[in-house]
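Right, one structure below, let's go through it.
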Amino acid sequence: MFVHALKQIGRFSFEILSSMGRALRLLSSALIRRPDHRNIPLIIGQVYQLGVLSILIIVCSGFAIGAVLALQGYTQLVRVGSESALGLGVALVLVMEIGPVVSALLFAGRAGSAVTAEIGLMKATEQLASMEMIGVDPIARIIAPRFWGGFIVLPLLALMFSVVGVWAGSLVAVDWLGVYSGSFWSVMEQGVDFFDHVMKGIIKSIVFGFVVIWISLYQGYDSLPTSEGLSTATTNTVVFSSVWILVLDFFLTLMMFEL
Amino acid sequence: MTRNSIVFDNVSYNFGKKEIFKNLSFEVPAGQTVGIMGPSGTGKTTLLRLMGGQIQPDTGTVFVEGKDLKKIKRTELFELRKCLGMLFQSGALFSDLTVFENVAFPLKEHTRLNGEMIRYLVLIKLNSVGLRGAAHLFPRELSGGMQRRVALARAMALDPKLIMYDEPFTGLDPIALGVISNLIKDVGSVYECTNVIVSHDIEETARISNLLYVLSEGEIIGQGSPQDLKKDDSPRLRQFLNGLPDGPVPFHYPAPEYMDSLIGVKNTKRTIIKRDD
Ligand SMILES: Nc1ncnc2c1ncn2[C@@H]1O[C@H](COP(=O)(O)OP(=O)(O)O)[C@@H](O)[C@H]1O
Ligand SMILES: [Mg+2]
Numbered sequence: 086m087f088v089h090a091l092k093q094i095g096r097f098s099f100e101i102l103s104s105m106g107r108a109l110r111l112l113s114s115a116l117i118r119r120p121d122h123r124n125i126p127l128i129i130g131q132v133y134q135l136g137v138l139s140i141l142i143i144v145c146s147g148f149a150i151g152a153v154l155a156l157q158g159y160t161q162l163v164r165v166g167s168e169s170a171l172g173l174g175v176a177l178v179l180v181m182e183i184g185p186v187v188s189a190l191l192f193a194g195r196a197g198s199a200v201t202a203e204i205g206l207m208k209a210t211e212q213l214a215s216m217e218m219i220g221v222d223p224i225a226r227i228i229a230p231r232f233w234g235g236f237i238v239l240p241l242l243a244l245m246f247s248v249v250g251v252w253a254g255s256l257v258a259v260d261w262l263g264v265y266s267g268s269f270w271s272v273m274e275q276g277v278d279f280f281d282h283v284m285k286g287i288i289k290s291i292v293f294g295f296v297v298i299w300i301s302l303y304q305g306y307d308s309l310p311t312s313e314g315l316s317t318a319t320t321n322t323v324v325f326s327s328v329w330i331l332v333l334d335f336f337l338t339l340m341m342f343e344l
Numbered sequence: 098m099t100r101n102s103i104v105f106d107n108v109s110y111n112f113g114k115k116e117i118f119k120n121l122s123f124e125v126p127a128g129q130t131v132g133i134m135g136p137s138g139t140g141k142t143t144l145l146r147l148m149g150g151q152i153q154p155d156t157g158t159v160f161v162e163g164k165d166l167k168k169i170k171r172t173e174l175f176e177l178r179k180c181l182g183m184l185f186q187s188g189a190l191f192s193d194l195t196v197f198e199n200v201a202f203p204l205k206e207h208t209r210l211n212g213e214m215i216r217y218l219v220l221i222k223l224n225s226v227g228l229r230g231a232a233h234l235f236p237r238e239l240s241g242g243m244q245r246r247v248a249l250a251r252a253m254a255l256d257p258k259l260i261m262y263d264e265p266f267t268g269l270d271p272i273a274l275g276v277i278s279n280l281i282k283d284v285g286s287v288y289e290c291t292n293v294i295v296s297h298d299i300e301e302t303a304r305i306s307n308l309l310y311v312l313s314e315g316e317i318i319g320q321g322s323p324q325d326l327k328k329d330d331s332p333r334l335r336q337f338l339n340g341l342p343d344g345p346v347p348f349h350y351p352a353p354e355y356m357d358s359l360i361g362v363k364n365t366k367r368t369i370i371k372r373d374d
């Protein structure tokens with residue numbers, strides 16, 4: 086019984102380690118592919134697929150969250166008479182925390198799962214194998230452009246999320262609840278520092294983008310060529326990405342904000 | 098001595114515990130059309146994957162065009178593949194590209210031909226498989242047999258010196274079958290391309306091959322020209338060639354006794370019911 090359990094644990098850890106090894110190998114072989122001038126259109130294509138097509142969900146979510154933040158913030162701040170700091174509060178929370186985290190979660194659900202399903206299906210229908218036999222390396226042709234596309238795009242989406250959120254917050258606060266617009270914007274301007282706040286948010290979303298697109302590519306590339314294998318891979322992409330985003334967010338915050 | 102396009106030297110390959118090939122050795126002489134036949138599930142597709150360097154043997158060596166696939170660098174392997182063609186059993190067309198773009202893909206990747214030239218070559222290849230009219234369609238709009246004809250045109254696009262075909266004759270109607278098998282034969286005789294045909298279709302494969310290998314249970318059980326094989330009277334070979342279900346070559350995937358499975362006896366010991374035969 087005990088030996089059996091031990092064996093199971095051993096096999097399980099071996100499986101995790103070898104899977105991490107395969108993921109690292111995929112990443113390193115995608116990274117060492119020399120960026121060929123022919124890859125640029127492919128990367129631009131992926132920026133469109135992964136980024137431009139995600140704008141709608143990012144804008145809608147950013148708007149909703151910015152509006153809610155302003156409402157919640159207002160009800161608290163107005164009690165101590167400091168609703169003039171509302172703009173600053175909304176902006177800081179969005180730029181440093183909610184913008185990078187929520188847009189990464191949305192990116193995993195919208196773009197990451199699509200990448201996994203696409204690559205998994207290409208694998209299952211032997212399109213990757215046939216490309217390889219034509220003498221075109223699928224890592225360079227399929228994996229690398231998606232990696233770079235996803236990597237570039239998430240920080241931009243996160244910024245867009247925050248900007249839309251702040252705008253929604255100003256609509257709620259200034260236009261609806263009647264916070265004085267001068268103080269809403271000027272307190273925000275004074276309080277938000279590019280290097281102290283905005284840059285740290287961008288670093289977070291660069292890390293999240295890297296992790297999410299890596300997980301998505303690996304899950305697709307390593308999926309079993311069956312319908313169940315594909316569904317497991319897509320689920321794994323969303324679940325693993327989300328957990329990693331939240332865990333990394335904690336550690337990044339710890340590291341960057343010198344608590 | 099003739100030059101060999103492919104050499105298998107004592108190759109063994111396993112899928113987990115299942116032994117697919119055991120010390121397999123054979124050659125494919127350059128410029129010949131070689132048929133490798135065997136019942137389904139013997140590892141014909143696996144054999145082609147070994148030839149293409151997509152999987153590596155557990156022991157032994159595979160040489161393709163004189164190169165040891167185990168020692169070759171990744172970039173060299175991709176370079177080598179530019180002069181190989183492979184027809185996949187499923188066709189494996191790129192689903193997001195049209196028929197035309199599928200056939201043009203290898204040309205665009207590996208040549209510097211201009212658009213007009215590529216168009217010209219693609220249409221020739223598509224015409225030879227009878228699908229010039231389908232150039233603008235997507236693979237999903239074609240039947241399985243038509244997809245495989247497109248895949249054949251794609252495999253031939255760069256006029257490779259070695260083409261491997263995985264079951265090229267399945268899913269084709271009699272007319273297409275005749276056209277395709279003649280096409281494969283011509284590629285071999287006119288362009289002196291080496292053809293490796295892997296198939297369970299004995300008649301059609303024997304008709305166009307110069308040399309045949311019969312594979313069963315990881316071993317070569319017969320080899321020689323089609324005439325030689327007709328004369329060979331080894332029982333395993335006769336059973337396969339004559340299509341008999343019973344004989345030394347098993348039709349069944351390895352399994353416990355049939356009756357045992359049906360009545361749900363664990364292990365292979367039969368204790369409850371005795372058949373009176
Ligand atoms: N991915 C795999 N995992 C485990 N076994 C496999 C796998 N692919 C094929 N096999 C086994 O290898 C054997 C040979 O398969 P294959 O080469 O496809 O046969 P063929 O093409 O001759 O019909 C089959 O018995 C099959 O069960
Ligand atoms: Mg097969």
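Chains as they are written, first to last, in this note's numbering: chain A, 86 to 344; chain B, 98 to 374.
Beta carbons: idealized from backbone N, C-alpha and C, even for Gly.
I want to see whether chain B comes within less than 8 Å of residue i, judged by CB atoms only; does it?
i: GLY106 of chain A; result: no
i: LYS92 of chain A; result: no
Considering only heavy atoms of ligand 1, does any lie closer than 7 Å to the CB of residue i?
i: PHE112 of chain B; result: yes
i: SER312 of chain A; result: no
i: LYS115 of chain B; result: yes
i: GLY268 of chain B; result: no
i: GLY321 of chain B; result: no
i: SER98 of chain A; result: no
What does the Cβ neighbour count give for residue i, buried or exposed, with the cut at 16 atoms within 10 Å?
i: TYR110 of chain B; result: buried
i: ALA90 of chain A; result: exposed
i: SER308 of chain A; result: buried
i: THR172 of chain B; result: exposed
i: TYR288 of chain B; result: exposed
i: LYS170 of chain B; result: exposed
i: ARG209 of chain B; result: exposed
i: CYS290 of chain B; result: buried
i: GLU313 of chain A; result: exposed
i: SER104 of chain A; result: exposed
i: MET243 of chain B; result: buried
i: GLU238 of chain B; result: exposed
i: ASN321 of chain A; result: buried
i: MET181 of chain A; result: buried
So residue i and residue j are in contact, right, with Cβ under 8 Å, and what is the actual spacing, rounded?
i: PHE197 of chain B; j: VAL219 of chain B; result: 6 Å
i: VAL283 of chain A; j: VAL277 of chain A; result: 7 Å
i: LYS208 of chain A; j: TYR133 of chain A; result: Going by Cβ atoms, the distance from LYS208 of chain A to TYR133 of chain A rounds to 23 Å, so no, they are not a contact pair.
i: VAL251 of chain A; j: ALA176 of chain A; result: 5 Å
i: SER313 of chain B; j: PRO136 of chain B; result: 7 Å
i: VAL295 of chain B; j: GLU316 of chain B; result: The pair is not a contact, with the Cβ atoms about 16 Å apart (cut-off 8 Å).
i: GLY294 of chain A; j: HIS207 of chain B; result: With 8 Å as the limit, GLY294 of chain A and HIS207 of chain B do not qualify as a contact, their Cβ atoms being about 33 Å apart.
i: SER247 of chain A; j: GLY147 of chain A; result: 7 Å
i: ALA155 of chain A; j: ALA258 of chain A; result: 5 Å
i: PRO223 of chain A; j: GLN131 of chain A; result: Rounded, the Cβ-Cβ distance is 14 Å, inconsistent with contact.
Counting only beta-carbon atoms, is residue i nearer than 8 Å to chain A?
i: PHE123 of chain B; result: no
i: LEU181 of chain B; result: yes
i: GLY149 of chain B; result: yes
i: SER187 of chain B; result: yes
i: PHE202 of chain B; result: yes
i: GLU206 of chain B; result: yes
i: ARG100 of chain B; result: no
i: ARG178 of chain B; result: yes
i: PHE160 of chain B; result: no
i: PHE235 of chain B; result: no
i: PHE175 of chain B; result: yes
Let me see if you follow: with CB-CB separation under 8 Å, is residue i close to chain D or not?
i: PHE191 of chain B; result: Included in the structure are the protein chains A and B, with no chain D among them.
Hey, would you say the C-beta of residue i is under 7 Å away from at least one heavy atom of ligand 2?
i: ASP298 of chain B; result: no
i: ASP155 of chain B; result: no
i: THR142 of chain B; result: yes
i: GLN186 of chain B; result: yes
i: ASP307 of chain A; result: no
i: GLU264 of chain B; result: yes
Less than 7 Å separating the Cβ of residue i from some heavy atom of ligand 4?
i: SER215 of chain A; result: Questions concerning ligand 4 fall outside what the structure shown contains, since the ligands it does hold are ligand 1 and ligand 2.
Using a Cβ-Cβ cutoff of 7 Å, what residues of the stretch 207-218 of chain A are near chain B? List them in chain order.
THR210, GLU211, GLN212, ALA214, SER215, GLU217 and MET218
Against chain B, which members of the stretch 216-236 of chain A pass a CB distance test of less than 8 Å?
MET216, GLU217, MET218, ILE219, GLY220, VAL221 and ASP222
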